[in-house]
Amino acid sequence: MLPDLPPTPPEFPPTLTLGQELKRNHVVSGKATLPTLQCFVREADRHGIDPYVLLAVLKTEGGRPGELALNRNGTVDLGPMSVNSVWLPSLAKHYKSSESELRHRLATDGCANVAAAA
Numbered sequence: 001m002l003p004d005l006p007p008t009p010p011e012f013p014p015t016l017t018l019g020q021e022l023k024r025n026h027v028v029s030g031k032a033t034l035p036t037l038q039c040f041v042r043e044a045d046r047h048g049i050d051p052y053v054l055l056a057v058l059k060t061e062g063g064r065p066g067e068l069a070l071n072r073n074g075t076v077d078l079g080p081m082s083v084n085s086v087w088l089p090s091l092a093k094h095y096k097s098s099e100s101e102l103r104h105r106l107a108t109d110g111c112a113n114v115a116a117a118a
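Counting from 1, one number per residue, gives the positions in the sequence shown under the working numbering.
Spelled out as structure tokens, the structure:
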């Protein structure tokens, strides 16, 4: 039995100014979806993780749907859970997808992003 969960995922942390954000991040064109509470519960159950741990990762990472955040080391953090692009080769193999397709999906599909992060 899962503990009582909050009715909605936590709000995203305060944002940088628009100028700072544009210098740091790129937003993928097209529609991006937020991860739902059901996504967190499903993936937590699937992997034996406390759902609050996944929600804490979301709050700590501070990514947003559709966001690609460039890191100083040249890697990119994708979407709400900030899945790092260094994981793309192994995730693409696991999901039987191309890296470019997976990169776009992890940036724009909130539930896919949570699944990969879990």
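Beta carbons: idealized from backbone N, C-alpha and C, even for Gly. Just so we're clear, the structure is a prediction, and the values are computed from it rather than from any experiment.
| said: Among V41, A107 and N73, whose alpha-carbon lies nearest the alpha-carbon of V83? | reply: Nearest option by C-alpha distance: A107.
| What are the start and end residues of the alpha helix (DSSP H) that includes D77? | D77 -> not in any alpha helix (DSSP H); beta strand (DSSP E) instead, spanning V76 to L78.
| query | When DSSP labels each residue in this structure, what does T55 get in the three-state scheme? | reply | Looking at the sequence provided, one finds Leu at residue 55 rather than Thr. Helix at L55.
| said: Can you tell me whether T33 is helix, strand or coil according to DSSP? | reply: Here T33 sits in strand by DSSP.
| query | Which residues mark the beginning and the end of the alpha helix (DSSP H) in which A69 is found? | reply | Going by DSSP, A69 is part of no alpha helix (DSSP H) but of the beta strand (DSSP E) stretching over E67 to L70.
| message | Quick check: the Cα distance between E101 and E43, rounded to an integer number of angstroms? | response | Answer to the nearest angstrom: the Cα atoms are 21 angstroms apart.
| message | On the DSSP bridge list, what partners appear for D109? | response | For D109, which the question treats as bridged, DSSP gives the partners T33.
| query | Any C-beta of chain D sitting closer than 9 angstroms to the C-beta of N113? | reply | The structure shown contains no chain D; it is built from a single protein chain.
| Going by C-alpha distance, which of L88, L70, W87 and P80 is nearest D109? | The residue with the shortest Cα to Cα distance from D109 is P80.
| message | Between which residues of its own chain and V57 is the CB-CB distance below 8 angstroms, once the five residues before and five after are set aside? | response | M81 and A117.
| query | Going by other Cβ atoms of all chains shown within 10 Å of its Cβ, with 16 needed for buried, is A112 buried or exposed? | reply | Taking every protein chain shown into account, the CB of A112 has 16 or more other CB atoms within 10 angstroms, so this residue is buried.
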